[in-house]
Amino acid sequence: MEVKGVQGSIHYVDGWITIRKKEIGAQPREFRIRAADVTGTRLKPGTWAMHGYVQFVLPGSAPAPEKKGPFTGGRPPQSDPHSLSIPRRSNEAAVALVAAVERDRLSR
543 MEVKGVQGSI HYVDGWITIR KKEIGAQPRE FRIRAADVTG TRLKPGTWAM
593 HGYVQFVLPG SAPAPEKKGP FTGGRPPQSD PHSLSIPRRS NEAAVALVAA
643 VERDRLSR
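This is the structure we're talking about:
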């Protein structure tokens, strides 16, 4: 299962979430999270005017706050390793991925 995001992607296979992202001017980074370790998920769908995001919350950490501003407003910062900005065209795939993670994490 894959969600194509803004400068990155999220893959979900066999109980593992892999977030790949590339910040402007930086090397690509990859973050792996076990679905069983996730304590919550946040999904804000993208609109025609603004990107949305998918975010995973882990034990002992608060969700990264949404930034303010005309270009990045309403999303966690790009540096947050547990989230990825998504365009509107990825909303359906993001809903399916979050549902799969929630289903797997709650069944353990």
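Taking this note's numbering, the leading residue of the sequence shown gets 543, the next gets one more, and so forth.
Even glycine gets a Cβ: it sits at the ideal position worked out from N, Cα and C.
Because the structure is a prediction, the values reported are computed rather than measured.
Under 7 Å Cβ to Cβ from A568, same chain only, skipping five residues before and after it: list those, please.
none
Going by alpha carbons, who is nearest to R617 out of A642, T589 and A635?
T589
Can you tell me whether V548 is helix, strand or coil according to DSSP?
coil
Per DSSP, I575 forms a beta bridge with which residues?
I559
When you compare each of K564, V596 and G557 to R645 by their alpha carbons, which one comes out closest?
G557
Below 8 Å, can you find three or more Cβ-Cβ pairs linking the segment 598 to 608 to the segment 577 to 586?
yes
Helix or strand or just coil, what does DSSP make of L600?
Per DSSP, reduced to three states, the secondary structure at L600 is coil, with no helix or strand assignment.
Is it buried or exposed, V640, if we count other Cβ atoms within 10 angstroms and call 16 or more buried?
buried
Residue range of the beta strand (DSSP E) that R584 falls in?
G582 to K586
Within its chain, find whatever has a CB closer than 7 Å to the CB of H593; leave out the 5 residues flanking it on each side and keep chain order.
V548, R617, S627, I628 and P629
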